[in-house]
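Down below is the structure, laid out as structure tokens.
Protein chains: 6
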Amino acid sequence: MSVPPMIASLPDLLIEPVVRRALEEDLGRTGDITAQACIPADAHMRAVFAARKEGRIAGLDCARIALRLLDPHAVFEPVVRDGEDAEPGLPLARIEGNARAVLAAERTALNLMQRLSGIATLTRAYVRAVEGTGARITDTRKTTPGLRALEKYAVRCGGALSHRLGLDDAILIKDNHLAVCGGVRPALERARAAAGHLVKIELEVDSLAQLEEALPLKPDVIMLDNFALSDLRRAVQMTAGRVVLEASGGVNFDTVRAIAETGVDVISVGALTHSAPALDIGLDAA
Amino acid sequence: MSVPPMIASLPDLLIEPVVRRALEEDLGRTGDITAQACIPADAHMRAVFAARKEGRIAGLDCARIALRLLDPHAVFEPVVRDGEDAEPGLPLARIEGNARAVLAAERTALNLMQRLSGIATLTRAYVRAVEGTGARITDTRKTTPGLRALEKYAVRCGGALSHRLGLDDAILIKDNHLAVCGGVRPALERARAAAGHLVKIELEVDSLAQLEEALPLKPDVIMLDNFALSDLRRAVQMTAGRVVLEASGGVNFDTVRAIAETGVDVISVGALTHSAPALDIGLDAA
Amino acid sequence: MSVPPMIASLPDLLIEPVVRRALEEDLGRTGDITAQACIPADAHMRAVFAARKEGRIAGLDCARIALRLLDPHAVFEPVVRDGEDAEPGLPLARIEGNARAVLAAERTALNLMQRLSGIATLTRAYVRAVEGTGARITDTRKTTPGLRALEKYAVRCGGALSHRLGLDDAILIKDNHLAVCGGVRPALERARAAAGHLVKIELEVDSLAQLEEALPLKPDVIMLDNFALSDLRRAVQMTAGRVVLEASGGVNFDTVRAIAETGVDVISVGALTHSAPALDIGLDAA
Amino acid sequence: MSVPPMIASLPDLLIEPVVRRALEEDLGRTGDITAQACIPADAHMRAVFAARKEGRIAGLDCARIALRLLDPHAVFEPVVRDGEDAEPGLPLARIEGNARAVLAAERTALNLMQRLSGIATLTRAYVRAVEGTGARITDTRKTTPGLRALEKYAVRCGGALSHRLGLDDAILIKDNHLAVCGGVRPALERARAAAGHLVKIELEVDSLAQLEEALPLKPDVIMLDNFALSDLRRAVQMTAGRVVLEASGGVNFDTVRAIAETGVDVISVGALTHSAPALDIGLDAA
Amino acid sequence: MSVPPMIASLPDLLIEPVVRRALEEDLGRTGDITAQACIPADAHMRAVFAARKEGRIAGLDCARIALRLLDPHAVFEPVVRDGEDAEPGLPLARIEGNARAVLAAERTALNLMQRLSGIATLTRAYVRAVEGTGARITDTRKTTPGLRALEKYAVRCGGALSHRLGLDDAILIKDNHLAVCGGVRPALERARAAAGHLVKIELEVDSLAQLEEALPLKPDVIMLDNFALSDLRRAVQMTAGRVVLEASGGVNFDTVRAIAETGVDVISVGALTHSAPALDIGLDAA
Amino acid sequence: MSVPPMIASLPDLLIEPVVRRALEEDLGRTGDITAQACIPADAHMRAVFAARKEGRIAGLDCARIALRLLDPHAVFEPVVRDGEDAEPGLPLARIEGNARAVLAAERTALNLMQRLSGIATLTRAYVRAVEGTGARITDTRKTTPGLRALEKYAVRCGGALSHRLGLDDAILIKDNHLAVCGGVRPALERARAAAGHLVKIELEVDSLAQLEEALPLKPDVIMLDNFALSDLRRAVQMTAGRVVLEASGGVNFDTVRAIAETGVDVISVGALTHSAPALDIGLDAA
């Protein structure tokens, strides 16, 4: 496809409660007592957010909102945009505002940007690792409690796709469900009877035999859980494009390229959100 | 000291809002549509939380609360306690309850336990790395927004100490404050005038010269920021036990032992919370 | 399909905040001052919820939760279940508890049950009107602010399917999007580039020409907006089952059967939620 | 009386939480994914709210607040005011703002305006039906959970009066209270002993005999519940203006005029809020 | 009247959010670190709430809820009831539960009980001061932000009546309103046109001339603001029982009896809530 | 010390929720019905906050925020600053804005300013009473639930210091803890093992013998609870400056000077927050 996806930032209305909670958590009961003791109430300062290491940026909106929640008149001028790559030492955004507000917002802004940019940077690495294959990288529900929408947004900034957002926006039938329903066919029938016409149904299988049983029943997506490479290849052949195939389990930098080359459509990687190291970003007085 | 610290779990009243928010985030608008389609409303199941890898456990209360918020009558029987080490494959807790509730709580419970146990496990490694020296490991404010109290608790489960909780429970004077106040002495005087008698004052210095200026003014703690090992050693000599010394900056597994051996009292490690990989924990139907 | 859909009630965790807000709204600052003046604090009473008219019931969980929020020890024994039909005068549920709690919960319980049962009853009528055709009835986003999940649940109790839950769980491309993107093809390409593999894409068209342009591009669903019956029939022929077709606009009891008989797959009806009259239900002291 | 009542809009502080909740409900976790895919982040648009049918308008503030919550710089220019009548096709308000914001606010704004205007329009019809009699129309507590203040405001926009707002701002003694207290006199005595001097006391009676018992005890209002027309007339004679009389039960368009002509002071109509069909209003790109 | 008013406790649903907020405020981010360090997690303790001074008790429910929020299994056995008088040293309630929970709830429970009992005790003194006159004591809106419903409840425990709860449950016309409306008559007409039939209308006057103008217009209550005793007596004569008269302004223990003896119906006292000293209550380990 | 403490106002982010809750509490469900009836929606007014009595001012930010929450365009011009003394009749702040907003904000603004200024004024009196001695006045946790941060801020405006903010920012070992731990030494050891390096430890003792036991163990602060003056003097001698000494219990205007003259460092006074009478402040139309 020739049209690149837009990096679509989340509405401020959805980000603000997360940032507000983070500020309240840091300010505690009485706010920044060091600044209150040492910085005059009307002091003003300028500063620059800068990446200390190369990486993919995500979360600038969080920094802007953190600053504005403490100083509604503060200036926030982004230099890069979410989804772009930043060079070490180059500015990400310039800010100016009440000095107490800038200092009190600093840690919250950095904590959010560092985590989200860390996720975007790790995602970018996985996306690059499969470049040229037809496979797309996607995330999981293994996200930080309270930050799911932001973390999945960071994954998109890294160039990957979002898997379902939670338990209610797509059906994913796993072994427990199959056991209760009595097999693939009744489980899929139950799912179809319950699902609205805008809900996709994914089925997790753990063997080629189960895949074979599932294919004629045409779920929208079949997840191949912990398949060996040879079985992934065989699954791709058997499926022949009739259903979207998602490889899952045991994905890391050593394995992802080979998995992608089996011809699966989607590869889900839990580590994108549960184990991404923070990207080192700092705030320098200017 | 002969009395070991108790691992003191947080009050449920403080954990519950975090877990509730995480569940709401996963349930979305209508809850687990897969289970609603495939699992009878009154089905019942038993399951076991088990670590897939060896590690230090933290966050069992989160799992219990997640389960109980969805099924108030569910049984949660911990096998280990927070702050203990778990063997791969051995059970952490046995649960029993409404099947839909168990399946819907699973991901939230795991996301919290995996993250907190990941932090506790990483912390344990740092604590072990300095064993036998007089240095204690401590954390920073580089925590996940919304999870600070839980993450600092996980650090304590890992055997380290908590640094200040936020901006309001201790004073930490940094370069920006010094610049505005006009130096170490006026900054400390301002801090002392503002601080209650139960608030400690820490001063960050970035050179031995600054340390020398600060020592006679007796802040409670002096943070030696990004000091070379030789300078840390010199600082310890100069201080001679009059003030608590905290080493900060550039701490990792390659450097932490040597830093500890300089004789500093406390070493703060941002990575404990901003870059700990999750500990792999799963829920197995039993 | 031979497997009937389960009526899957929402988790209490999602219903409770709605009921709590409704109770707080009714109790105001100091609660039921009439009962406080006239009913002893420890008086006890039994009562029965009963439908005054025949209808399809939805919302019994709301009544139970309202009662329990005011008296945690109250007894709530449902006689029918959501999704079942109730005869006038026959009991829906028997309750017993503190008299002040029962009287204070009464209006909130009834307001929710009456509205949701009203929606279920109206939905049932639409579902019956198309019985025997292949068409399914679905709802819209024209729901009462604050009650969407409950109202869409009531629609399912009435035998229809839920359309998307909101703006984030499916893509629905309308005229404004087409105008900005420059037509059907680029709009669909943009949508596909942005959408995860578990997100369905629906396209709204307002003419057969637009349908013809859209069909080879294979969106998951095409909405035929305000099509004449003859055009609906022609659209079904042209589509030949390749895409799910949804008829929308101008649907009422006079038209819905004829629309269904054109062969469309889904018919969306805004009135299900925006204009359903309440079902008359009362609480009788027993 | 020669002074017409002002239509007094609610404070934004009270409306905003309702609108915010409605937006969050529609935006879900990640907001409008269609607009994010298809509409540039900085696109701008103008549009016009217009009634599709004649009706009494209520809820313009909700539309303004919905828009501004998503785009604080958006322009909202009302053409009519709440409490005025709108002609089909004529504009109610002109808006201009960020295109994604306008599209995301649209459904929430319409859902609120349509419901409130539907209530105002139905109320207007009842008010007109009793025009020329001395009777006033009033509402009940049969409102939509979460929307009571807005719906009672819409009733006032329709020209009627508000009944009590909830359980705590007036006393309404019903059969249950009489039964517990042992009759009209002790119930009224208990009520008077508990009520502050700014709280009115209403008594519900279901027979002329009960009315006769109540009149000398002078409650502020007596509700005649489900009285036949002849009994209403007799009640008016007996009361002779000493107490405000409210007729309740069985009120609809077939009966309301005759009830009003009996001479009662107030007629309460539950349908105003529990069964008003939405007024058809749309948003047209301009 | 021979029927004494019941002291009607507020519903727990309304008290719990206040108590929860108070506990969160005291627990901060990580709870009681002293108890976590010094008291084993499973220690148990018994204790007794006891008044240190004689006084009227209010707020026992707050203590019970504080305890139960921290230990759902705790035992709370009240010995006296709200609205009763307590002797110094005698127990108010016996409690038993988890030791950490008891110690953490202690301050919150006492802060609420002490304040509310302080208000009840001060109110009792005013009520006694006017005993034997026909005057009733009432409160004002000068309450502690966040505690109005509880404080007005404490006033009722003290034997006085509640004035209006806030700005929306009764009309109180003051000088600003008169100035804008152009006098007493148009202001009252506007008020009557807007008010529902269950809303009382009070008019504040500051002279006998204004009273004379107001009396024929029959507001429900007239507030005589800062009247001299002689003018109060004259006002009572002029009014002759046609309207409820409320004296306001300059009320204290030196003046209240004389004011009551003028024959006014109600005397409002701001100090009941804005300046009541706390009643000394303690918690003793048992 | 020559550097006076700055009066550091709390961040608006922390004050706003308190003010918003107070406004919602006063506005109730539908806001100021008197103003809605009598004041045109677009009327404008100017007014002045003025102290009726001499006192120390605290809480101007609360008044500003209350006004702005109801009219974002209102003008608020402070004439004095928190921590300054006000003369009776002189203006504290001039305001201008929408008349309905000004009138609706009035009571909330006054309730907060009066209480906080009352606390600041009472605190000032205690601070003056010990002037010239080395003792500092401090507060306790006996604060109004929901207002702790504001009330402790008011204490600082009065010239005193804040004690710990709650249960989590300092350790305070009392008799219960000593009993469980088995004495002063094990209790302090447990506390030290648990406390981070930025947490101070205070020990409460009730006899000189206990003080003697505690001194060599060097807690940061020792609280002398209910010591006679002679014992306080003896305690100061014994301590000889090695530990901060806090006198507590039985402190009032009759005793505070003598207590201060014993040489203790800090005197805590519960009455500052639990029994301060409100400072009389009014709002005058200008």
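Chains R, F, H, G, U and C are the protein sequences, given in the same order.
All residue numbers for the first sequence refer to this note's numbering, where the first residue is 46 and numbers rise by one.
All residue numbers for the second sequence refer to this note's numbering, where the first residue is 46 and numbers rise by one.
All residue numbers for the third sequence refer to this note's numbering, where the first residue is 46 and numbers rise by one.
All residue numbers for the fourth sequence refer to this note's numbering, where the first residue is 46 and numbers rise by one.
All residue numbers for the fifth sequence refer to this note's numbering, where the first residue is 46 and numbers rise by one.
All residue numbers for the sixth sequence refer to this note's numbering, where the first residue is 46 and numbers rise by one.
By construction, the Cβ of each residue, glycine as well, lies at the ideal position given by its N, Cα and C atoms.
Just so it is clear, the structure is predicted and the values come from calculations on it, not from any experiment.
Q.
Cutting at 6 Å between CB atoms, please list the residues of its own chain near Ala328 (chain G), excluding the five before and the five after it.
A. For this step, residue 328 (chain G) is matched to residue 283 along the fourth sequence. This sequence places Leu at residue 328 (chain G); Ala is not what is there. Within the same chain, Leu328 (chain G) has close Cβ partners Ala92, Phe94, Glu151.
Q: Go ahead and pull the three-state DSSP assignment for Pro190 (chain F).
A: Taking the second sequence and counting its residues from 1, one reaches residue 190 (chain F) at position 145. Note: Pro190 (chain F) maps to coil in three-state DSSP.
Q | CB contact below 7 Å: Gly142 (chain R) versus chain C | A | As a position in the first sequence, residue 142 (chain R) is number 97, starting the count at 1. False, the Cβ-Cβ gap to chain C never drops below 7 Å.
Q: Would you please verify whether the beta carbon of Pro190 (chain R) is less than 7 Å from any beta carbon of chain G?
A: Taking the first residue of the first sequence as 1, we reach residue 190 (chain R) at position 145. Not an interface residue.
Q) How do the segment 237–251 of chain H and the segment 68–83 of chain G stand: do at least 3 beta-carbon pairs fall below 8 Å, yes or no? A) The segment 68–83 of chain G and the segment 237–251 of chain H touch, with three or more beta-carbon pairs separated by less than 8 Å.
Q: Just list the alpha helix (DSSP H) runs in the segment 136–175 of chain U, keeping only unbroken ones of 4 residues or longer that don't cross its boundaries, in chain order.
A: Taking only runs of at least 4 residues, the alpha helix (DSSP H) segments lying wholly in the segment 136–175 of chain U are 144–174.
Q: Quick one: list the residues of chain G neighbouring Lys187 (chain H), beta-carbon separation under 8 Å, in chain order.
A: Start at 1 with the first residue of the third sequence, and residue 187 (chain H) comes out as number 142. Ordered by position in chain G, the residues that pass the 8 Å Cβ test against Lys187 (chain H) are Arg152, Leu155, Asn156, Gln159, Ala323.
**Q.** As assigned by DSSP and simplified to three states, the class of Thr300 (chain G)
**A.** In the fourth sequence, counting from the first residue as 1, residue 300 (chain G) sits at position 255. Note: Thr300 (chain G) maps to coil in three-state DSSP.
Q. For the segment 209–227 of chain F, which residues have a CB atom closer than 9 Å to at least one CB atom of chain R, in sequence order?
A. Closer than 9 Å at the C-beta level to chain R, one finds these residues of the segment 209–227 of chain F: Leu210, Gly211, Leu212, Asp213, Asp214, Ala215, Ile216, Leu217, Ile218, Lys219, Asp220, Asn221, His222, Leu223, Ala224, Val225, Cys226.
Q) Taking C-alpha atoms, which residue in F:Ile216, F:Pro123, F:Gly295, F:Asn221 lies nearest to Val266 (chain F)? A) The residue you call residue 266 (chain F) lines up with position 221 of the second sequence. If we check each option's Cα against that of Val266 (chain F), F:Ile216 comes out closest.
**Q.** Opening and closing residue of the beta strand (DSSP E) in which Glu339 (chain F) lies
**A.** For residue 339 (chain F) there is no data in the structure shown, the boundaries of chain F being 46 and 331.
Q) Secondary structure at Pro231 (chain F), three-state DSSP: helix, strand or coil? A) Position 186 of the second sequence holds residue 231 (chain F). Assigned with DSSP and collapsed to three states, Pro231 (chain F) falls in helix.
(Q) Could you compute how far the alpha carbon of Ala119 (chain G) sits from the alpha carbon of Arg139 (chain G)? (A) Within the fourth sequence, residue 119 (chain G) is the residue found at index 74, counting from 1. Within the fourth sequence, residue 139 (chain G) is the residue found at index 94, counting from 1. Going from the Cα of Ala119 (chain G) to the Cα of Arg139 (chain G) covers about 11 Å.
Q.
With three or more beta-carbon pairs closer than 8 Å as the criterion, would you say the segment 178–192 of chain H touches the segment 315–322 of chain H?
A. The segment 178–192 of chain H is in contact with the segment 315–322 of chain H.
Q) Which residue from R:Gln159, R:Asn143, R:Glu306 puts its Cα closest to that of Ser275 (chain R)? A) For the purposes of this step, residue 275 (chain R) is taken as the residue at position 230 of the first sequence. Ranking the options by Cα distance to Ser275 (chain R), first place goes to R:Glu306.
Q: Starting from the C-beta of His222 (chain G), find all residues in its chain whose C-beta is less than 7 Å away, skip the five residues before and the five after it, and write them out in chain order.
A: Sequence index remark: in the fourth sequence, residue 222 (chain G) carries index 177 (1-based). Listed in chain order, the non-local C-beta contacts of His222 (chain G) below 7 Å within the same chain comprise Ala232, local neighbours out to five positions each way being set aside.
**Q.** Residue burial classification, Ala143 (chain R) (beta-carbon count within 10 angstroms, cutoff 16)
**A.** Position 98 of the first sequence, counted from the first residue, corresponds to residue 143 (chain R). What sits at residue 143 (chain R) in the sequence shown is Asn, not Ala. Asn143 (chain R) should be labelled buried.
Q. The beta strand (DSSP E) with Thr332 (chain R) in it runs from where to where?
A. Lying outside 46 to 331, the shown extent of chain R, residue 332 (chain R) is not represented and no answer is given.
Q: Using a Cβ-Cβ cut-off of less than 8 Å, give me the residues of the segment 159–176 of chain C that come near chain U, in sequence order.
A: Residues passing the 8 Å Cβ filter: Gln159, Arg160, Gly163.
(Q) Please report the distance separating the alpha-carbon of Ala131 (chain C) from that of Leu137 (chain C). (A) On the sixth sequence, position 86 is the one that residue 131 (chain C) refers to. On the sixth sequence, position 92 is the one that residue 137 (chain C) refers to. For the pair Ala131 (chain C) and Leu137 (chain C), the Cα-to-Cα distance works out to about 7 Å.
Q. Is the distance from the Cβ of Ala149 (chain G) to the Cβ of Asp77 (chain G) below 7 Å?
A. Position 104 of the fourth sequence holds residue 149 (chain G). Position 32 of the fourth sequence holds residue 77 (chain G). Taking 7 Å as the Cβ cut-off, Ala149 (chain G) and Asp77 (chain G) qualify as a contacting pair.
Q.
Restricting to Cα atoms, I'd like to know which of H:Leu105, H:Asp220, H:Gly177, H:Leu262 is closest to Ile304 (chain H).
A. Taking the first residue of the third sequence as position 1, residue 304 (chain H) is located at position 259. Selected option, being the one with the closest Cα: H:Gly177.
Q.
Taking 7 Å as the threshold (beta carbon to beta carbon), is Leu328 (chain U) in contact with chain B?
A. Absence of chain B from the displayed structure is noted, the protein chains being R, F, H, G, U and C.
(Q) For a cutoff of 7 Å on Cβ pairs, would you count Leu248 (chain U) as touching chain C? (A) Position 203 of the fifth sequence, counted from the first residue, corresponds to residue 248 (chain U). No, Leu248 (chain U) does not count as interfacial toward chain C.
Q. Taking a cut of 9 Å between CB atoms, which residues from the segment 112–129 of chain H lie near chain R?
A. Nothing from the segment 112–129 of chain H brings a Cβ to less than 9 Å from some Cβ of chain R.
Q: State the Cα-Cα distance for the pair Ser47 (chain G) and Val311 (chain G), rounded to the nearest angstrom.
A: Locating residue 47 (chain G) in the fourth sequence gives position 2, counting from the first residue. Locating residue 311 (chain G) in the fourth sequence gives position 266, counting from the first residue. Because Ser47 (chain G) carries a pLDDT of 38, less than 50, the predicted location of this residue cannot be relied on, and the following value inherits that uncertainty. Computed Cα separation, rounded: 19 Å.
Q. Name the chain C residues that come within less than 8 Å of Asp71 (chain U), Cβ to Cβ?
A. For the purposes of this step, residue 71 (chain U) is identified with residue 26 of the fifth sequence, where counting begins at 1. Neighbours of Asp71 (chain U) on chain C, chain order: Arg186, Arg193, Gly211, Leu212.
Q | Start-end ranges of the alpha helix (DSSP H) lying completely within the segment 240–274 of chain U, minimum 4 residues | A | Here the runs fully enclosed are 253–259.
Q: Starting from the beta carbon of Thr75 (chain G), find every residue of chain H whose beta carbon is closer than 8 Å, and list them in chain order.
A: Within the fourth sequence, numbered from 1, the residue matching residue 75 (chain G) stands at position 30. From the beta-carbon of Thr75 (chain G), the residues of chain H found nearer than 8 Å are Asp213.
Q: Give a yes or no on contact between the segment 164–181 of chain F and the segment 202–217 of chain F, applying the rule of three or more CB pairs nearer than 8 Å.
A: Output reads yes: the segment 202–217 of chain F touches the segment 164–181 of chain F.
**Q.** Residue-level contact to chain F via CB, Leu243 (chain H), 7 Å cutoff
**A.** Stepping through the third sequence from its first residue, residue 243 (chain H) is reached at position 198. Cβ-Cβ to chain F under 7 Å: no for Leu243 (chain H).
Q. Does DSSP classify Ala111 (chain U) as helix, strand or coil?
A. Here residue 111 (chain U) is taken as the residue at index 66 of the fifth sequence, counted from 1. Three-state result, Ala111 (chain U): helix.
Q. If you drop the 5 nearest sequence neighbours on each side, which residues of the same chain put their C-beta closer than 8 Å to that of Glu291 (chain C)?
A. By 1-based counting over the sixth sequence, the position of residue 291 (chain C) is 246. Contacts found: Thr183, Glu247, Val266, Ile267, Met268, Leu269, Val309, Asp310, Val311, Ile312, Ser313.
Q) With which residues is Arg101 (chain F) paired in a DSSP beta bridge? A) By 1-based counting over the second sequence, the position of residue 101 (chain F) is 56. Arg101 (chain F) is bridged to F:Asp130.
Q | Terminal residues of the alpha helix (DSSP H) in which Ala82 (chain C) lies | A | Counting from one through the sixth sequence, the residue named residue 82 (chain C) turns up at place 37. Note, Ala82 (chain C): alpha helix (DSSP H), 78–83.
(Q) Check whether chain C comes within 7 Å of Leu317 (chain G), counting only Cβ atoms and requiring the distance to be less than that. (A) Counted from its first residue, the fourth sequence places residue 317 (chain G) at position 272. Contact of Leu317 (chain G) with chain C is not assigned, every C-beta pair being separated by 7 Å or more.
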